Structure formats: C-alpha cells, structure tokens
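Colleague: If you read the protein sequences in the order shown, they are chains A and B.
Quick note on the numbering used here: the first sequence kicks off at -14 and runs consecutively.
Quick note on the numbering used here: the second sequence kicks off at 30 and runs consecutively.
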Amino acid sequence: MSHEAHHEMPFWQKYIFSQDHKVIGIQYGLTSLLFLFFGFFLILLMRWQLAYPGEALPLIGKWLGEANMPDGKMLPEFYNQLGAMHGTIMVFLGVVPLAVGAFGNYLVPLQIGAPDMAFPKLNMASYWAYFCGGVVMLASFFVPGGAASSGWTSYPPLANIATTGQTFWLLGMVLLITSSLLGSVNTITTIFQLRAEGLTFFRLPFFVWAQLVTAFLLLLAFPPLEAAGVMQLMDRLFQTSFFMPSGLMVGGEPLAISGGGSALLWQHLFWFLAHPEVYVLILPAMGIITEIIANNTRKPINGYNIMVYSIIFLGFMSFVVWAHHMFLTGMGTAISAFFQATTMIISIPSVIVLSFLFLTLWGGSIRYNTPMLFALAFLPMFGIGGLTGLPLGLAASDIPLHDTYYVIGHFHYIVAPGTIFALFAGIYYWFPKATGRKMSEFLGQLHFWPSLIFMNIIFMPMFIQGLAGVSRRLYDGGATYDFAHGVLHLNKLSTHGAWGLVIAQIPFIINFFWSMYKGKKVTSKNPWEATTLEWDAPNIPPHGNFEQPLKVYRGPYEYSVPGAKKDYSPQSSEHI
Amino acid sequence: MSTAEIPFTVESRKDTGLYNAKLGIWLFLASEMMLFGALFSSYILLRVGATNWPRGSSILSVPLGALNTTLLITSSLTIILSWAALRMKDFKKYKLYMGVTIILALVFLGIKAYEYGMKFEHHLYPSTSTFMAIYFTLTGLHALHIIGGIVVNAYFWGPGSRMWQTDPERFTNRIEIAGLYWHFVDLVWLFLFPVLYLL
Ligand code: HEM
Ligand SMILES: [Cu+2]
C-alpha cells in the first residue's frame, strides 16, 4: 500500500525532494513566507530613511556594511537597491509563490478529488527552480555594486547600464519564470484531467476556477517578459542595443554602442506581463475569500456562475490593458483612448465579484472567526484599492498622479490588506487540514485587529501625499521640494505604522509555530463543516490524499439547503 | 486504501479526449508561441522604428538557410514515421527513423555553427547592428530549442527506449509528445527563415 511505502522513504525524499503536492505546497509556503518577511524588512529600512532622511539608523544600521550605510546612514544607491528588491521579492518571491505555489499546489488536487498533481516530477522541479531563483536574487546583494537598483520594472536604459546586480536580477527572473511556467502547465492539466467523477466545471469551487485562470495568465503572459529578459541580457552581456536608442550619452560621454533600439519596447513587453501579473496577485485571493465567506455565512455564494464568467472575461481582458501604465510615454491620443476604454471595461468583472461577495453576506448567520475576519476586511480594502485605480486608468487624471505615492497607495491597498489578508485568512482556514490542529483564536484576533489598523495608517497617507504630487522615487521623501512640505509629516506616520505592523505580526508567528505542536487537536476531518472535497481527506492527508475515490453529486456551496438535515451538504454525499 | 496512482497517464480521459502529457505539451507549446511571438513582435517594432534596415539576403546566405529549412522539414517527417512505426509495433524502424531525425538535427546545427563562424570572420557580431542582434538572438534561442530536442530524442532513441519492453503504449505516447515539440521547433524555423533571410 502506497501509504506505508511513503513512510519508508528516507527523510530527504519525503521532505526535501518530495514529489507529493502537499509537501511541495508547504515548501512553497514556508519559503515564500520567509521571503515576505525579508521583503518587509527591506521596506522597513527604506521607511526609516523616508521618515528620518540622512539620520543614522540605530542598532542595525552598522551591520549593513560601509558600502551601503556608512556610520549607519543610508546611501542613495542602497536606497535604490532596497526599492527594486522590495518590489521584486514581494511580487515574484513572496505573494505569487504563496498564493499559487503554496495554496494552489496544496489545495487544487484536494478540492478536485485528485491523488496528486498531474506531473509530480515537474512539480518538484518547479519548486526548485523557484528556490534557485530566490538564491540568485539574494546573492545579488553581495556582488560589486550591490543588487539591482532600477526598480522592480527594470526600465532601460537605466537598467542596461546598471551594475552586475541587474544581471543577477535577470538570471533570477529567468529561473522564476521557468518555475511558474512548469507550475502553470501542471495546474491546468491537473484541473482538466484529474477532476473526480461527477465534478463538472460548474461544480468546481471558485478557488479552483481562480487558480485555473491564474495559471493561464502565468502561462501566456510570462514568456514575453522572458523574451525581454533575454534581450536585456544580450544588451548587458553582448553589447547589443535592443533597448538602447541612438545617440545615448552617459555621464557626458556618448556610449559606444550601435544604437537603434527602443527603450519603450521593454516597457511594452514588461507591462504585457506585469498587468496580467496584478491579476495573478488578486485572483487566488478572491478564490480563498470566496471559500471562507461561503463557509462562514452558511449560505451559497450568490451569483457563482456569473462570478466564474467574470473572471474568465477578466483573464482575456487583462491582455489588452497593459499600456495604461504608459500614458506618459507619448503614445498618442488614439492609442491612449483604446487603453482607457479597455481599462474601464476590465474593472467591471472585479466589481461584479466584489459585489456578489458582499451580497452573499446579506442575511447570512455569520461566524466571526479569524479567517472570516480577514476575509471580511479584504472586501473593503480591495474595494479601496480598486476604486483608486479608476482615476489612474484615465489618461487625464493619470498624468498628474503617475509615479506619485498615490499609485503606491493604490496597489498596496490591493496587495497588502487585500491579497496578503486573504492569504492569512487561508492559512488560518486550512491549517487544521494540513496539521490536524487549529490555530489559536485569541492570538488570531490579536493578529487581525492591529494589522488592519496599521495597514491603513501606513497606506492611507500615501493617497494624500500622492494627490499633493509627491513622487514615489525620492530618496529624501520629498524634503527638497517646497510643494511637498505640507504633507511631509505623513512620512513619519506611515513609518510608525510600519513598525506597528511588525509588532502585529508577532502573534501570528507565535501562533503559527505554537499551534503546529500545541494547538487544539481537531476531532473531525471537517472541523468547519464545509462542503468542498478537501474536507473529505483525512487531516494531514497521506500520499495519495483520499481513502477511496470520490464521487461528486452537487455544486460547491450547498449550505443551508431547505429540507436538509444539516446546514451543509458536502459535494461528495449522495443524500442531503 | 490510499492510492497514489495518477489517472490518464496513458489512456485518454473521456470528456477531454486527451492523456495528461498531451495536454501538457500543448500548453507548453502555447507558452513557447508567446515567447517567440514576443520576439517576432519586437523584430517588427525595431524594424519599423529603424532608419535603415539591411536586406537579410545581403548579409546571410540564402542557400544555406534554404538547405537548413529542407533538413528540418525532412526531420519533421522522419519523426512522424518513427511514431508511426511504433504504432505498427515495428521497433527496428522506429530506431531507424528516430536516428535519422537526430542526425538531421545535428547537421542543421553544424550548418548553423558554420554560418555563425562566417559572420564572426566578417566581424559581424550581435553588437554590430540591431539586425545582427535580433538575428543572433532569434536563431540562438531556436538553436537552444534544437539542442533540447536532440537531447530528448537521443534519450528516447537510447536508454529511454527500454520502456518499449515494459510499457509500449506509454512509450508510443512519449514519442508523440516529442514529435509535437519537434514540429513546433520546425515551425518556428519556417518563420525565422523568410523573416531573417529573405525579407
Ligand atoms: C480594479 C481595477 C484597476 C484599475 C482600473 C487599475 C489601474 C491602474 C493603473 C492605470 C495603473 C498605472 C498607474 C501609473 O503608473 O500611473 C496601476 C498601477 C498599478 N496597479 Fe492597478 N488597477 C486596477 C487593479 C489592480 C489590481 C487588482 C492590482 C493587483 C495587485 C493592481 C496593481 C497595480 C500595481 C502593482 C501598479 C503599479 C505598478 C508600478 O508602476 O510599479 N491594480 N493600476
Ligand atoms: Cu495594470
């Protein structure tokens, strides 16, 4: 029996080079959580400089090296590295691997009643490609000139002439892209091929749908960035001029290159990936939230079908909005008009999903546990992030707002109190399945409330600063600009909020490790009384997941069905 | 009992009509399409924006390019024949046709290397002009795909072919997959050749 066989495997095969989707999911989870905390640490250093420009950072400032922080004072070059690497690490090494690599990997096979992913070896390869990409990115801090410093967007010509760290960035990205390609092929194949008997597409949990659309975005949007990365590598290593226009001067000297390239070409290729990438950041979060809201309102999700059609539509549309990041590049009014129109259209499906989730709350008998609190907070936070995106999508209002703190506020509302809250919600919700124990409710609330408050203290002031015109790329936080003086005091508020957010994560870290060993044991496979298939697997599911093959009889969210004995009707039970 | 057996590795699933690896390779090829598509788009954008752009045939050797095109088309044919041979349970023929496929690919690479050498001799490097840059990038990336294909095909010709004894159906599937990949690499070249050498 394969269950027994599993236990005989040596340690390294069971936990290090494992091919079991659950172990790989947890590997992804732990690695990406570490990267999230590391990326958070980088931004804390930046926030110090923004709130107290030019002042020595007490205690740890000295450790960070004479080349970066002489006497504990941050150099501008180091500030730029921190900014570029914060964005890169948070997006490509933190949030996406956690949302897709960890949650997708762990839950998709369980939710569709499959024994594993379709290609276990590829799955393992994809984790290790991610891991190596992360190592390359971290190593780049130690090469001469330090890490990449041209922003997470790596715009040339700046990035082309940057120090060696940029080459590491590109190589790291190639590995990360490889990882996500392998992962997305695997996810799509798994969902199409390994669904349990009776599990038709419109019986799939919304989470699985979200992962499916996400996988298609990763599959088709990442290769153009890979192409761009190859071209930038060629520019840097073989002195080609893909992104270098003719007549470029650096430091007063003309560059010895053939020229004739286009810096805008990079921007097009980059945003062709990076706009779909923002939906990669948000779709899995919507998926998690939907599962949790259905479970804790004890109601079917209103408009499930429409939500599914919405995100499919959103997936298609996300390939034709990319140039809304480029209104200031002089594309001309006709092209701007096209991208404004598509941008307004793409906000419709997000509004639909959000509205249906709000509607689902209506009349539900809501259980306010920790996962549900995070899920409930997600809704308005994502709402703020999405609504503030609309003015950015119209060229007239984007021109003054572009590259200000307003943009930073916009997408952080979506990613931080939005996506990251959803990921926390997911961790609290599925923890019992993965470990057999529940996380502490008390520590969970101690994590949630301060986090919610501090998130808003950090990001709300950014809208005000941005509307006042403060650029997002200033080493001194705006002190050299007169017009910024009225809003500069907000820099301190934001920074202090960030410190508060650090403290608010301590209960989570304690809770996470303490509950793993000492948390309250759950007595049932289905502690939340949920309907989807993952709750049919034993807690800490063995290799192969289920005790017997499952059969599916109904849709994913049949809660409180009139006439049923219980207020939940699992997908796998024939009689309600 | 917990079974770790993954279904549809060999036989097709009814509602999708595919076995896992076949869907997997189509998805992979879709992403490859986007990779080369992005490079082709870049080519167009750079060319449209350029003040002057050389005619490919004035720099590259059209006869060698045409020869390479013929080689790849032929190899696409032989790999189909090798798969067909397996379907007919003729393992010897399979070995023959797969062998020929690999040799054709190696000759292709040899000619490509010779062409590169000629360019270097004339001091034409990637850094010389945007045309040379895109030429080396596109053909280089394509050559990497050819090398990858050779490695896989050689494995299936040599040690990997032992699976024919134990699991012939699965092995036949594998050759089908390898063939799909190989057609794709061939197809990319069918775009590269006219775009770079003729236009
Ligand atoms: C709901 C509809 C949305 C609209 C209309 C919208 C619109 C925009 C626009 C026009 C910009 C460019 C602003 C500029 O640079 O001047 C932008 C930036 C950005 N948006 Fe959104 N957005 C929306 C949703 C999202 C979502 C769901 C995410 C997911 C995380 C997101 C993440 C980002 C990021 C990361 C940037 C900044 C990229 C950078 O310049 O570094 N947005 N958004
Ligand atoms: Cu966008």
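By construction, the Cβ of each residue, glycine as well, lies at the ideal position given by its N, Cα and C atoms.
Only a predicted model underlies this, so the values are computations on that prediction, with no experimental measurement involved.
Go through the stretch 334 to 359 of chain A residue by residue and report every complete run of the beta strand (DSSP E) that reaches 3 residues or more, in order.
Modeller: DSSP runs (the beta strand (DSSP E)) wholly in the stretch 334 to 359 of chain A: none.
Colleague: Counting only beta-carbon atoms, is residue 262 (chain A) nearer than 8 Å to chain B?
Modeller: Answer no: the Cβ-Cβ gap between residue 262 (chain A) and chain B never drops below 8 Å.
Colleague: Say whether chain B places a C-beta atom closer than 8 Å to the C-beta of residue 212 (chain A).
Modeller: Yes - at least one Cβ of chain B is within 8 Å of the one on residue 212 (chain A).
Colleague: Measuring straight from C-alpha to C-alpha, what distance separates residue -3 (chain A) and residue 53 (chain A)?
Modeller: Spanning the two alpha carbons is a distance of roughly 38 Å.
Colleague: Using a cut-off of 8 Å between C-beta atoms, extract the partners of residue 173 (chain A) located in chain B.
Modeller: Under the 8 Å cutoff, chain B gives 52 and 56.
Colleague: For residue 553 (chain A), which of helix, strand or coil comes out of DSSP?
Modeller: Here residue 553 (chain A) sits in strand by DSSP.
Colleague: Determine the chain A residues that contact residue 60 (chain B) at a beta-carbon separation under 7 Å, and present them in chain order.
Modeller: Those within 7 Å of residue 60 (chain B) in chain A are 166, 204, 205 and 208.
Colleague: Below 8 Å between beta carbons: does that hold for residue 64 (chain A) and residue 34 (chain A)?
Modeller: Yes, they are a contact pair.
Colleague: Buried or exposed: where does residue 56 (chain A) fall if 16 or more other Cβ atoms within 10 Å of its Cβ makes it buried?
Modeller: Counting Cβ neighbours within 10 Å, residue 56 (chain A) comes out exposed, since fewer than 16 surround it.
Colleague: Can you tell me where the alpha helix (DSSP H) with residue 152 (chain A) in it begins and where it stops?
Modeller: Taken as a continuous stretch (DSSP letters only), the alpha helix (DSSP H) holding residue 152 (chain A) covers 150 to 178.
Colleague: Kindly list, in the order they appear in chain A, the residues whose Cβ is closer than 9 Å to that of residue 67 (chain B).
Modeller: Going along chain A in sequence order, the residues near residue 67 (chain B) (Cβ under 9 Å) are 208, 209, 210, 211, 212, 213, 254 and 257.
Colleague: For a quick check, are the C-beta atoms of residue 85 (chain A) and residue 199 (chain A) less than 8 Å apart?
Modeller: Going by C-beta atoms, residue 85 (chain A) is nearer than 8 Å to residue 199 (chain A).
Colleague: Mind checking who residue 389 (chain A) pairs with in its DSSP beta bridge?
Modeller: For residue 389 (chain A), which the question treats as bridged, DSSP gives the partners A:456.
Colleague: Quick one: is the Cβ of residue 174 (chain B) within less than 7 Å of any heavy atom of ligand 2?
Modeller: No, the beta carbon of residue 174 (chain B) sits no closer than 7 Å to any heavy atom of ligand 2.
Colleague: Closest by CA to residue 70 (chain B), which one among A:437, A:208 and A:267?
Modeller: The shortest C-alpha separation from residue 70 (chain B) is found at A:208.
Colleague: Based on the DSSP output, what are the partners of residue 594 (chain A) in its beta bridges?
Modeller: The requested residue 594 (chain A) is not part of the displayed model; chain A covers only -14 to 561.
Colleague: List the whole-angstrom C-beta distance separating residue 175 (chain B) from residue 138 (chain B), where the pair is believed to meet the contact cut-off of C-beta under 8 Å.
Modeller: That pair is a contact at about 6 Å.
Colleague: With distance defined between alpha-carbon atoms, name the residue in A:418, A:472 and A:496 nearest to residue 509 (chain A).
Modeller: Comparing Cα-Cα distances from residue 509 (chain A) to each of A:418, A:472 and A:496, the minimum goes to A:418.
Colleague: Distance check for residue 496 (chain A) and residue 431 (chain A), CA to CA, integer angstroms please.
Modeller: Residue 431 (chain A) and residue 496 (chain A): Cα-Cα distance of roughly 10 Å.
Colleague: According to the neighbour-count rule (16 or more other Cβ atoms, all chains shown, within 10 Å of its Cβ), is residue 227 (chain B) buried or exposed?
Modeller: Exposed.
Colleague: Excluding the five sequence neighbours on either side, which residues of its own chain have a C-beta within less than 7 Å of the C-beta of residue 428 (chain A), listed in chain order?
Modeller: Around residue 428 (chain A): 492, 495 and 496.
Colleague: Identify, in the order they occur along the chain, each residue of the same chain with its Cβ nearer than 8 Å to the Cβ of residue 148 (chain A), setting aside the five sequence neighbours on each side.
Modeller: So the list reads 128, 129, 130, 131 and 134, once near-sequence residues are dropped.
Colleague: Run the CB neighbour count on residue 213 (chain B), radius 10 Å, all protein chains shown included, and call it buried at 16 or more, exposed below.
Modeller: Burial call: buried.
Colleague: Just list the residues that DSSP pairs residue 132 (chain A) with in beta bridges.
Modeller: Answer by DSSP bridge pairing, in chain order: A:150.
Colleague: With C-beta atoms as the reference, is residue 473 (chain A) less than 8 Å away from residue 462 (chain A)?
Modeller: Yes, Cβ-Cβ distance for residue 473 (chain A) and residue 462 (chain A) is below 8 Å.
Colleague: Could you give the first and the last residue of the continuous alpha helix (DSSP H) run that contains residue 206 (chain B)?
Modeller: Here the alpha helix (DSSP H) through residue 206 (chain B) covers 197 to 221.
Colleague: Are the beta-carbon atoms of residue 366 (chain A) and residue 396 (chain A) separated by less than 8 Å?
Modeller: Taking 8 Å as the Cβ cut-off, residue 366 (chain A) and residue 396 (chain A) do not qualify as a contacting pair.
Colleague: Measuring straight from C-alpha to C-alpha, what distance separates residue 538 (chain A) and residue 552 (chain A)?
Modeller: Approximately 17 Å between the Cα atoms of the pair.
Colleague: Helix, strand or coil for residue 211 (chain A) per DSSP?
Modeller: Three-state result, residue 211 (chain A): helix.
Colleague: Please indicate yes or no: does the CB of residue 374 (chain A) lie closer than 7 Å to some heavy atom of ligand 1?
Modeller: The answer is yes for residue 374 (chain A).
Colleague: Would you check if the stretch 306 to 319 of chain A and the stretch 380 to 397 of chain A touch, i.e. whether three or more CB-CB distances between them fall below 8 Å?
Modeller: Touching, yes, given that three or more Cβ pairs across the two stretches are closer than 8 Å.
Colleague: Looking at the unbroken alpha helix (DSSP H) that takes in residue 633 (chain A), where does it start and where does it end?
Modeller: Shown here, chain A extends from -14 to 561; a query on residue 633 (chain A) therefore has no answer.
Colleague: Roughly how many angstroms lie between the CA atoms of residue 82 (chain B) and residue 76 (chain B), to the nearest whole one?
Modeller: Approximately 7 Å, taken between the alpha carbons.
Colleague: Let me check understanding here. Comparing Cα to Cα, which of A:19, A:67, A:45 and A:87 lies closest to residue 578 (chain A)?
Modeller: Because chain A here runs from -14 to 561, residue 578 (chain A) falls outside it and cannot be looked at.
Colleague: Could you please give the first and the last residue of the uninterrupted alpha helix (DSSP H) stretch that includes residue 116 (chain B)?
Modeller: It spans 91 to 116 - the alpha helix (DSSP H) in which residue 116 (chain B) sits, taken as one unbroken run.
Colleague: How close, in whole Å, do the beta carbons of residue 218 (chain B) and residue 101 (chain B) come, if the pair is a contact with beta carbons under 8 Å?
Modeller: Right, their Cβ atoms sit about 5 Å apart.
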